[in-house]
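Student: The following block contains the structure, expressed as structure tokens.
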Amino acid sequence: MTFYVFRRVIALVPIFLGITLVTFALMQLAPGDATQVYIDPKVGTLDPEVARAVRAKWGLDAPLHVQYARFLANLGQGELGESIRTQQDVLRAVTERLPATARLALAAMVVSAIIGITAGVFSATHRGSLGDLLGMVGALFGISVPVFWLGLMLIWLVGVKLPILPPSGYGQGELRFLVLPGLTLGLALAGVVARVTRSAVLEVVTADYVRTARAKGVAERRVITRHALRNALLPVITILGVEIGGLMSGAVITETVFGWPGIGRLLVDAINQRDLPVVQGCVLLFAATFVLINLVVDLTYGLLDPRIRYA
Numbered sequence: 003m004t005f006y007v008f009r010r011v012i013a014l015v016p017i018f019l020g021i022t023l024v025t026f027a028l029m030q031l032a033p034g035d036a037t038q039v040y041i042d043p044k045v046g047t048l049d050p051e052v053a054r055a056v057r058a059k060w061g062l063d064a065p066l067h068v069q070y071a072r073f074l075a076n077l078g079q080g081e082l083g084e085s086i087r088t089q090q091d092v093l094r095a096v097t098e099r100l101p102a103t104a105r106l107a108l109a110a111m112v113v114s115a116i117i118g119i120t121a122g123v124f125s126a127t128h129r130g131s132l133g134d135l136l137g138m139v140g141a142l143f144g145i146s147v148p149v150f151w152l153g154l155m156l157i158w159l160v161g162v163k164l165p166i167l168p169p170s171g172y173g174q175g176e177l178r179f180l181v182l183p184g185l186t187l188g189l190a191l192a193g194v195v196a197r198v199t200r201s202a203v204l205e206v207v208t209a210d211y212v213r214t215a216r217a218k219g220v221a222e223r224r225v226i227t228r229h230a231l232r233n234a235l236l237p238v239i240t241i242l243g244v245e246i247g248g249l250m251s252g253a254v255i256t257e258t259v260f261g262w263p264g265i266g267r268l269l270v271d272a273i274n275q276r277d278l279p280v281v282q283g284c285v286l287l288f289a290a291t292f293v294l295i296n297l298v299v300d301l302t303y304g305l306l307d308p309r310i311r312y313a
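Residues 3 to 313, numbered by the working numbering, are exactly what the sequence shown covers, in order.
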């Protein structure tokens with residue numbers, strides 16, 4: 003397994019290089035200029051001399067390949083540079099926002115796992131019933147509805163019409179601020195988990211070991227939870243790992259809708275202001291999180307299924 007992990011880590015190097023190159027190219031193709039953050043709104047323009055000085059200070063007047071090479075050199079030393087807008091260290095800016103995004107992501111994963119697995123198992127064990135139909139329609143709704151629309155509807159219903167929870171904001175130690183954004187992001191993923199769980203459980207409930215357990219008189223609930231569900235978890239864990247990408251993209255939208263001060267909102271602000279160092283830092287963190295979680299998911303297979311061996 004050690005050699006397998008080593009190979010996977012080495013394979014991440016070209017992936018990260020490709021991500022940095024694509025991000026850098028897209029930011030260069032975007033309209034506008036990073037110097038626009040220095041424009042006085044009352045004046046509406048920036049003095050050409052000041053603009054040249056700003057570009058020289060941040061190395062924006064250098065050829066593109068030189069700018070990219072400098073970024074890679076700094077990255078190799080563990081530095082992501084400074085924000086053009088705030089002059090704050092990018093690594094510090096990103097890590098300061100990391101706890102808020104981690105709380106949101108954890109809440110969404112818990113919501114999606116609980117609702118998705120429960121709905122999937124119920125639909126599989128009541129196949130063809132009205133409950134099965136309603137469960138799969140609800141799953142399809144969760145998959146199809148845009149995250150921003152779902153968030154706005156929850157804000158309108160729970161935060162305005164029925165002021166049960168705060169519609170936006172953030173407070174450490176206050177779980178009520180986390181409920182709406184966590185529910186919004188979690189429901190968007192729960193539909194996928196529910197459909198995968200239903201399919202996986204339906205495949206294993208007809209297996210010989212399940213029929214044997216039933217023939218021995220084992221209670222149906224124990225048959226499902228102890229025998230069927232455990233062997234159906236592999237595809238569910240796979241989809242949870244794959245959906246980390248959707249969770250990250252959804253977090254960007256969710257944090258913007260709910261005013262959640264996480265990395266997603268920082269990324270949106272940096273893109274709007276052409277703050278390339280911050281954009282690169284946020285994207286790299288998202289990419290690292292995605293690939294590392296997928297590696298953990300791969301290693302988890304061996305714990306759930308002893309037949310799996312790593313070469």
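Every residue gets a Cβ at the ideal spot worked out from N, C-alpha and C, and that includes glycine. Predicted, not measured: the structure shown is a model, and the values here were computed from it.
Thinking just about the alpha-carbon of each residue, which of L187, I117 and E51 is nearest to the one in R197?
Tutor: I117
Student: Can you find the residues in the same chain that come closer than 8 Å, C-beta to C-beta, to M138, ignoring five residues on each side of it along the sequence?
Tutor: The answer, listed in chain order, is S125, A196, R197 and R200.
Student: Is it the case that the Cβ atoms of I246 and F292 are separated by a distance below 8 Å?
Tutor: yes
Student: Would H229 be called buried (16 or more neighbouring beta carbons within 10 Å of its own) or exposed?
Tutor: buried
Student: Which value, in whole angstroms, describes the spacing of the CA atoms of P379 and G61?
Tutor: Coverage of the chain is limited to positions 3 through 313, which leaves residue 379 absent and any answer about it impossible.
Student: Check the DSSP bridge columns for E84 and list the partner residues they point to.
Tutor: D91
Student: Within its chain, find whatever has a CB closer than 6 Å to the CB of I255; leave out the 5 residues flanking it on each side and keep chain order.
Tutor: V149 and F150
Student: On the criterion of 16 or more Cβ atoms from any shown chain inside 10 Å, does F288 qualify as buried, or is it exposed?
Tutor: buried
Student: Short check: CB of P25 to CB of V270, under 8 Å?
Tutor: Reading off the sequence, residue 25 comes out as Thr, not Pro. Contact flag unset, no.
Student: Is it the case that the stretch 153–163 contacts the stretch 90–106, given that we only count it when at least three CB pairs across the two stretches are under 8 Å?
Tutor: no
Student: What does a CB cutoff of less than 8 Å around R216 pick up in its chain, not counting 5 residues either side in sequence?
Tutor: E222 and V225
Student: Count Cβ pairs between the stretch 259–279 and the stretch 100–107 that sit closer than 8 Å; are there 3 or more?
Tutor: yes
Student: I'd like the list of long-range same chain contacts for V84, defined as Cβ closer than 8 Å, with 5 residues on each side in sequence excluded.
Tutor: Here residue 84 is Glu; the residue named in the question, Val, does not match the sequence. The residues are Q90, D91, V92 and P279.
Student: Assuming P148 is part of the alpha helix (DSSP H), what are its boundary residues?
Tutor: Here P148 belongs to no alpha helix (DSSP H), and DSSP marks it neither H nor E.
Student: What does a CB cutoff of less than 7 Å around V206 pick up in its chain, not counting 5 residues either side in sequence?
Tutor: So the qualifying residues of the chain are V212, A230, N233 and A234.
Student: Can you look up E51 in the DSSP assignment and give me helix, strand or coil?
Tutor: helix
Student: Pick helix, strand or coil for A102, following the three-state DSSP scheme.
Tutor: helix
Student: Would L286 pass as a contact of F18 if the rule is Cβ separation under 8 Å?
Tutor: yes
Student: May I ask which residues mark the beginning and end of the alpha helix (DSSP H) holding R129?
Tutor: Neither: R129 is in no alpha helix (DSSP H) and is coded neither H nor E.
Student: I need the straight-line Cα distance from A253 to L152, nearest angstrom please.
Tutor: 13 Å
Student: Helix, strand or coil for I241 per DSSP?
Tutor: helix
Student: Can you check whether the CB of V203 is closer than 8 Å to the CB of G243?
Tutor: Against a cut-off of 8 Å, the Cβ pair of V203 and G243 comes out as no contact.
Student: For L187 versus A115, is the C-beta spacing smaller than 8 Å?
Tutor: no
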